[in-house]
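Asks:
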Amino acid sequence: MPLHIDHISLASPNIFRSADALCKETGLGYWTGEWIRDTAVHIVPLGPPGNFIEISGFIDVHTLKTMDEHKQWIMDITASGDHFNGLCLGVDSMEELQQFAKHFNSTVNVPDNPDPATHFQRANGYILPMASTPSGKRSVWMKGLPNVYFYPDRTHHSSGQPVHPCEGMVRPTGIKWVECGGTEEDLAKWLGIPNPGELLKIKFNGKSPGVWAVCVGAEEHEDVVIRRPAASEAVPVSKYAD
Amino acid sequence: MAISINHFSLGARNIYESADRLNKETGFGFWTGEWVQTTACHMFPLGKDVFIEVEGTIDAHAYLAMPKPNYTYDALDVDNEYNGDHWTGLMLGVESLEELEAVAKRLGGDVSPDDSKVNPYSHFRRPDGYTMGYQSAPRFTGPRPEKWPRGLPSFYYYPDVPGRSSNQPVIARPHLVTATGVKWIEFGGTEALLSEWMGVPKASDVIPVKFNGKEVGLWAVCVGRDGMDDVVIRRPTAAASIKDPSIYKDVPRPRS
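As you go down the protein sequences, you meet chains A and B in turn. Using the numbering used here, the first residue of the first sequence is number 24, and each one after it goes up by one. Using the numbering used here, the first residue of the second sequence is number 49, and each one after it goes up by one.
(1) Thinking just about the alpha-carbon of each residue, which of B:Tyr-182, B:Leu-200, B:Glu-101 and B:Met-276 is nearest to the one in Asp-163 (chain B)?
(2) Tell me the rounded alpha-carbon separation between Asp-246 (chain A) and Ala-211 (chain A).
(3) Checking 8 Å against the spacing of the C-beta atoms, do Ser-35 (chain A) and Thr-101 (chain A) come in under that value?
(4) For the alpha helix (DSSP H) containing Trp-245 (chain B), name the first residue and the last one.
(5) So if DSSP puts His-134 (chain B) in a beta bridge, which residue, or which two residues, is it bridged to?
(6) Which residues does DSSP pair with Met-139 (chain B) in a beta bridge?
(7) Per DSSP, which residues does Glu-149 (chain B) bridge with? Please list them.
(8) Using the C-alpha atoms, what's the distance from Pro-222 (chain B) back to Val-64 (chain A)?
(9) Of the residues A:Asp-43, A:Glu-57 and A:Ser-255, which one's Cα is nearest the Cα of Arg-145 (chain A)?
(10) Measuring only between beta-carbons, confirm whether Phe-76 (chain B) sits less than 8 Å from chain C.
(11) Would Met-91 (chain B) and Gln-216 (chain B) be called neighbours here (beta carbons separated by less than 8 Å)?
(12) So with Cβ pairs under 8 Å, would you call His-93 (chain A) a contact of chain B?
(13) Is the CB of Ala-150 (chain B) under 8 Å away from at least one CB in chain A?
(14) Name the chain A residues whose beta carbon is nearer than 7 Å to that of Asp-125 (chain B)?
(15) Using a beta-carbon distance below 8 Å, is Thr-89 (chain A) in contact with chain B?
(16) Below 7 Å on C-beta distance, what does Gly-81 (chain B) contact in chain A?
(17) Can you tell which of B:Ala-123, B:Leu-112 and B:Ile-53 has the C-alpha that lies nearest to the C-alpha of Pro-93 (chain B)?
(18) Since Gly-183 (chain A) sits in a beta bridge, which residues does DSSP pair it with?
(19) Ignore the nearest five residues each way along the sequence and tell me which others in Arg-251 (chain A)'s own chain have a CB closer than 7 Å to its CB.
(20) Per the contact definition of three or more C-beta pairs closer than 8 Å, is the stretch 64-77 of chain B in contact with the stretch 268-277 of chain B?
(21) How many whole angstroms separate the CB atoms of Gly-204 (chain A) and Asn-228 (chain A), which I take to be in contact at a CB cut-off of 8 Å?
(22) Tell me whether Tyr-64 (chain B) sits in a helix, a strand or coil according to DSSP, three-state version.
(23) Could you give the distance in angstroms between the alpha-carbon of Asp-107 (chain B) and the alpha-carbon of Ser-66 (chain B)?
(24) Using a cut-off of 9 Å between C-beta atoms, extract the partners of Ile-100 (chain A) located in chain B.
(25) How about Asn-62 (chain B): is its C-beta nearer than 8 Å to some C-beta of chain A?
(26) Can you look up Cys-203 (chain A) in the DSSP assignment and give me helix, strand or coil?
(27) Roughly how many angstroms separate the alpha carbons of Ala-254 (chain A) and Tyr-205 (chain B), rounded to a whole number?
(28) Could you tell me whether any Cβ in chain B is nearer than 8 Å to the Cβ of Ala-34 (chain A)?
(29) Give me the residue from A:Pro-137, A:Cys-111, A:Val-133 and A:Gly-109 with the minimum Cα distance to Glu-118 (chain A).
(30) Is it buried or exposed, Arg-214 (chain B), if we count other Cβ atoms within 10 angstroms and call 16 or more buried?
(31) Touching or not, the stretch 179-198 of chain B and the stretch 150-168 of chain B, by the rule of three or more beta carbon pairs under 8 Å?
(32) When the cut-off is 8 Å and only beta carbons count, does Ile-51 (chain B) lie next to chain A?
(33) Whose C-beta lies closer than 8 Å to the C-beta of Val-249 (chain B) among residues of the same chain, with five residues either side of it excluded?
(34) With DSSP run on the structure shown, which of helix, strand or coil describes Gln-85 (chain B)?
(35) According to DSSP, simplified to helix, strand and coil, what is Pro-293 (chain B)?
(36) Output, in sequence order along the chain, the residues in the stretch 184-218 of chain A whose CB is closer than 9 Å to any CB in chain B.
Structural data, given as structure tokens:
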């Protein structure tokens with residue numbers, strides 16, 4: 024599989040409330056229990072070939088005692104409710120990821136750091152190995168740009184774990200399209216590839232950068248469109264211009 | 049009136065980290081996903097319809113909007129060897145609404161209403177849509193009587209025992225240990241105080257409780273383990289980390 028969408032991050036002030044609301048809105052189920060440091064995610068699988076939405080938010084309010092730029096960004100983009108705050112692309116090998124790191128003039132966040140606190144962990148004790156690029160203190164998400172991931176262990180990919188049963192549940196059949204702000208030229212330049220819209224099934228709405236909507240197919244059901252504002256609407260990306 | 053231990057609340061800064069650590073300490077499994085408004089719990093069934101709820105605030109914006117000082121936050125903010133974990137509640141159970149109403153009347157409060165069907169978001173909920181329908185007492189709608197310090201147990205009535213948090217399946221993980229029930233608990237204060245609160249001649253004849261004379265509240269829970277030694281889960285009680293209780297003006301109420 025060439026470069027593809029892996030997952031989409033939805034920043035939330037209260038991941039329990041947001042997951043409950045999204046389930047009621049769409050019929051898409053979710054699973055719980057994954058976390059990293061002061062943040063947890065509820066995972067909404069979107070179907071084959073293996074995509075998901077991670078509903079992400081602080082679950083440790085004591086973390087606010089030591090603020091930094093990234094925490095403040097999360098607080099600012101969730102002050103008025105849920106916002107899509109990350110488009111996460113995927114590749115199928117570490118070699119491909121290294122090529123993107125080189126293109127970004129950056130390095131790879133390695134998947135085998137021995138400190139479990141650096142990884143997402145699950146309630147079943149599983150520690151998720153995950154590599155990504157670009158690295159750096161300031162996430163490219165804050166500029167409305169996607170980063171790229173490689174998951175060495177596809178068996179335990181978040182998209183493939185069982186969800187809690189819920190009333191009126193629908194079975195997702197995969198992402199149909201994603202609506203992003205900005206232009207295809209902007210994204211092509213960032214990724215260093217031609218025609219990313221066609222490759223990644225992305226439509227561009229010309230608004231501020233980031234994800235604005237995700238359309239998911241559903242078995243024996245109309246397509247489901249999940250529409251939330253991009254984080255850049257709450258906090259302009261110009262705030263993080265170098 | 050049959051009074052029993054229903055559950056324990058273990059306040060945590062980060063319920064995910066705390067539950068993971070409690071699993072490693074005891075071998076007990078837990079399940080996830082229960083929440084009410086700005087609070088969520090990870091649940092550890094202990095056997096015989098009793099459970100620990102590892103409980104914390106999971107909404108940072110709601111926390112910022114809460115009145116300060118905040119008793120529970122301030123207790124959990126005090127560092128200890130358990131990343132700030134403190135016991136924040138001992139919850140007793142009765143077996144009928146009539147018994148719960150009698151407890152409330154005796155202590156000068158009332159019973160929280162069961163409005164779970166019409167107001168589900170004020171109740172603990174689960175991802176599968178299940179809404180908890182328990183009631184608790186005493187609820188003090190005015191100032192809490194000075195006679196009764198914080199840390200004394202609330203009383204609960206759960207009409208749906210199969211749906212109780214103690215009776216849901218835990219998430220499988222390596223080296224899980226089966227809990228076989230609470231052997232004893234350690235409580236602060238005196239037996240006379242707890243006995244009067246419970247309305248019984250001697251509390252330790254009703255529930256397996258020992259007293260350490262420290263601040264009122266739960267200090268330790270001893271749980272049996274299948275094929276292993278008992279395990280004692282020891283954390284400071286919240287009151288032990290509060291320097292000046294008089295600055296907390298809010299009226300503590302059991303959740304409805």
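Ideal Cβ placement from N, Cα and C applies to all residues, glycine included. Remember, it's a predicted structure, so these values are computed and weren't measured experimentally.
Replies: According to the structure shown:
(1) B:Tyr-182
(2) 28 Å
(3) yes
(4) 239-246
(5) B:Gly-59
(6) B:His-55 and B:Ser-202
(7) DSSP, once it has assigned bridges, lists no residue as partnering Glu-149 (chain B).
(8) 22 Å
(9) A:Glu-57
(10) Absence of chain C from the displayed structure is noted, the protein chains being A and B.
(11) For Met-91 (chain B) and Gln-216 (chain B), yes; Cβs fall inside 8 Å.
(12) Any Cβ of chain B closer than 8 Å to the Cβ of His-93 (chain A) would place that residue at the interface, and such an atom is absent.
(13) no
(14) His-85
(15) Answer no: the Cβ-Cβ gap between Thr-89 (chain A) and chain B never drops below 8 Å.
(16) Thr-55 and His-187
(17) B:Ile-53
(18) None, per the DSSP bridge assignment.
(19) Leu-33, Asp-105, His-106 and Phe-107
(20) Taking a cut-off of 8 Å for Cβ pairs, the stretch 268-277 of chain B and the stretch 64-77 of chain B touch, as three or more such pairs fall below it.
(21) 6 Å
(22) helix
(23) 17 Å
(24) Near Ile-100 (chain A) there are no residues of chain B at all, since even the closest Cβ is about 11 Å away, more than 9 Å.
(25) Chain A, which has a Cβ nearer than 8 Å to the Cβ of Asn-62 (chain B), makes this yes.
(26) In the structure shown, the three-state DSSP call for Cys-203 (chain A) is strand.
(27) 44 Å
(28) no
(29) A:Val-133
(30) The sequence shown places Ser at residue 214 (chain B), rather than the Arg named in the question. Ser-214 (chain B) comes out buried.
(31) yes
(32) No, no contact with chain A.
(33) Checking the displayed sequence, the identity of residue 249 (chain B) turns out to be Pro instead of Val. Excluding sequence neighbours, Pro-249 (chain B) sits near Ser-243.
(34) Residue state, collapsed to three classes: coil.
(35) helix
(36) Residues of the stretch 184-218 of chain A with a C-beta less than 9 Å from any C-beta of chain B: Val-186, His-187, Pro-188, Cys-189 and Glu-190, listed in chain order.
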